[in-house]
Amino acid sequence: MKITMVMGEAAHSMGTFVASLSSALVAKGHDVQIIAEPTSAKRYRLKNVLPLWLVTPRRLFLIGTNLRRLRRAQDVLKNSDVIHVHGLKAALYALVLTTFMPNAPPLLVSLYELNDERRDTVWRRLLFRWMDSRASLISGSSLRLTAKIDRKSSADTDSAVSFLVSPRVEKLLQTGMLNRKERVSNWTKLAAAERLRNRGQLVLGIGPIEQGKRFDRFVRAMQRVTYPATGVVIGDGDPQLLAGLRSYGTDAQVSFLGWRKSLDTWLQAASVLVITSEWESRGFIAQEAMSLGLPIVAAPVGKLRDILLPAGVAVESPPGESLARGEHLAGTSPEAELGIGSLVVDTDDADATAQAITKLLANPSIWYEKQESARHRAATWPTTDQVASEWLGFYRRFQSAQSQPENQSTPKPQTGDHND
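Here the sequence shown is numbered in the UniProt record's numbering, starting from 1 and rising by one per residue.
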């Protein structure tokens, strides 16, 4: 099967997933080609990338370059058996090139974008309507994204397509779990190598520097932690926001280091991972931390609910989200204790977040309990091969449906958090 993937500028979850899925499909004997934003393609080491992503037309001659790229990309998409796009920018790219294409291949869309009401514009609503009319399948990671598409959910909702697993989990599960003493030793060496002042156990934040990640919450919490600890954030992004966070984090003695290639080194040196995001579309960093037995402090937002909470249990949902079928609220019991491999808190509450961090740092018995449950949960997730096989099933299904008469075609499913 000839599969074309399209990917715009990608964060960790999107980039690693596209790299993993494309490699798994190639290993199964399929022809996979990728149209991707160049910087992301390089960062995630994508293979068989076609140089057809649009360039910023700072000079007049680049307009002609973009037109040539669009024509070539249209030919590539036309000759594909199936098109799988990742993210809204990639979806727009593919929609523009295929909407008036006769006998266009099936278009499958995977969404990863932030649940952000500020971005709920007329333009986006029109894009979702357009996507709904064209896409054979939409795999959504956000209730607000998928709720804009007027389509009933299907049995595919609980599939591996809906719950994506970081491709690094399988490898990380094969490594031994480090105890607290070993992690502190790793952190001592890492702090010396990075020339950081070691004030105590490493409390880690990882992610792109953008508004939705809310690293200001991380700083406020670290100001209130009452146990010796060092706060470090790994990630790059908005330079202006990063400068502000670095200035803000000085009083809390939180270091913002920019991006580091070897995340495993940091995950194996940390004692706690803190996730302060308003929304987590895939939660790959949380999955990778749990695979290494690293306890987490986080709010159960987006996919973190599936990752951190027991089946059938939910804490109070953020605005705009509802409970999935079969879920019940935890009530007034200490919700933090519900977390699998984690303490779940409202990360907008700096005191509660600091208390959870302190609790893990100061209580080895709780820390080891969370470490064990984290690793056990990670071992239950589907493998990369299982996820690739499921996507292949969808590809074949819609390729077959494409050749059926219109009145016999199968209904379009929608996967994701539609029933949250």
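Where is the CB? At the ideal position from N, CA and C, for every residue including glycine.
Residue from the options whose Cα sits closest to the Cα of residue i
i: I234; options: E210, F17, V6; result: E210
i: P295; options: K2, G64, T250, K359; result: K359
i: T226; options: T250, L361, G64; result: L361
i: V203; options: G212, V301, R224; result: R224
i: L245; options: E9, F218, W266; result: F218
i: Q174; options: I307, P239, A378; result: A378
i: F100; options: R134, Y248, S247; result: R134
i: T347; options: K28, D132, I275, P106; result: I275
i: Q386; options: L50, A24, R195; result: A24
i: N186; options: W123, R195, L267, F128; result: L267
i: P228; options: R45, L127, I357, R195; result: I357
i: L392; options: S13, M14, K28; result: K28
i: F215; options: S247, V82, Y112; result: S247
i: P106; options: D132, V301, S389, A269; result: D132
Beta-carbon proximity of residue i to residue j, cut-off 8 Å
i: A221; j: T353; result: yes
i: K261; j: G283; result: no
i: L242; j: I206; result: no
i: G341; j: S373; result: yes
i: A299; j: L273; result: no
i: G258; j: D236; result: yes
i: S110; j: T384; result: no
i: S166; j: T16; result: yes
i: H84; j: I3; result: yes
i: Q33; j: V169; result: no
i: S136; j: F398; result: yes
i: A90; j: T98; result: no
i: L126; j: L88; result: no
First and last residue of the uninterrupted beta strand (DSSP E) at residue i
i: Q355; result: No beta strand (DSSP E) contains Q355, which is instead part of the alpha helix (DSSP H) from 350 to 362.
i: I209; result: Per DSSP, I209 belongs to no beta strand (DSSP E) and is neither H nor E.
i: V233; result: 229 to 234
i: L97; result: No beta strand (DSSP E) contains L97, which is instead part of the alpha helix (DSSP H) from 88 to 98.
i: V344; result: 342 to 344
i: D5; result: Note that residue 5 corresponds to Met in the displayed sequence, not to Asp. Per DSSP, M5 belongs to the beta strand (DSSP E) from 2 to 7.
Close beta carbons around residue i, own chain, < 7 Å, minus the five adjacent residues each side
i: W53; result: I35, A36, E37, P38
i: H376; result: none
i: W367; result: R180, P295, L360
Cβ shell of residue i (< 8 Å), same chain only, five flanking positions each side left out
i: T188; result: N198
i: V18; result: M5, M7, A10, I34, A36, Y44, L46, H86
i: P51; result: P38, R69
Outcome for residue i when other beta-carbon atoms lying within 10 angstroms are tallied against a minimum of 16
i: P319; result: The predicted model places P319 with a pLDDT of 44, which falls under 50 and marks its position as unreliable, so this point remains unresolved.
i: V96; result: exposed
i: R183; result: buried
i: Q240; result: exposed
i: T65; result: exposed
i: T250; result: exposed
Neighbourhood of residue i by C-beta, 6 Å cutoff - its chain only, sequence neighbours within 5 removed
i: K213; result: G207, S277
i: E117; result: Bear in mind that a pLDDT of 47 at E117, under 50, signals an unreliable position, so the model cannot answer this.
Boundaries of the alpha helix (DSSP H) in which residue i is found, first to last residue
i: I307; result: 304 to 308
i: F128; result: 122 to 134
i: G393; result: 384 to 402
i: V254; result: Run containing V254: none in the alpha helix (DSSP H); it sits in the beta strand (DSSP E), 254 to 256.
i: A24; result: 12 to 27
i: Q33; result: First-last for Q33: 31 to 36, but that is the beta strand (DSSP E), not the alpha helix (DSSP H).
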